[in-house]
Amino acid sequence: MIKLYQFESCPYCVKVRRKLDQLGLDYEKVEVSRDRSQRAKIKELSGQIKVPVIEDSDGTVVNDSAKIVEYLEEKYA
Ligand SMILES: N[C@@H](CCC(=O)N[C@@H](CS)C(=O)NCC(=O)O)C(=O)O
């Protein structure tokens, strides 16, 4: 299943959730701390600390909402 690292109120995360819902994809939300020092997991995964980040079931990791939407459309639309 796709994992979405996010904040609930982040507008870029809303955009990605909308696309996941539109495509009918199951996904797990992982709430990321607002404290930048607590973002070791997404830093390790994506090389940066901003959300959203997705980790697909095949291990593909994508950050940046525009790139994530493009990835989801190419792979699942
Ligand atoms: N261009 C990025 C922007 C992502 C972004 O700025 N996310 C904010 C949350 S809405 C963030 O993680 N900011 C860093 C922080 O909160 O420390 C995208 O479209 O995903």
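Be aware that the sequence shown starts at 1378, since it is given in our numbering, and climbs by one per residue.
A virtual CB, placed ideally from N, CA and C, is assigned to each residue, including glycine.
Straight-line spacing of the CA atoms in S1414 and K1392 works out to 25 Å.
By the Cβ neighbour-count rule, S1442 is buried, with 16 or more other Cβ atoms within 10 Å of its own. Residue environment for P1429: buried (at least 16 other C-beta atoms within 10 angstroms of its C-beta).
The beta carbons of F1384 and V1409 sit about 6 Å from each other, so the pair counts as a contact at 8 Å. Note on R1416: 16 or more other CB atoms within 10 angstroms of its CB, so buried under the neighbour-count rule.
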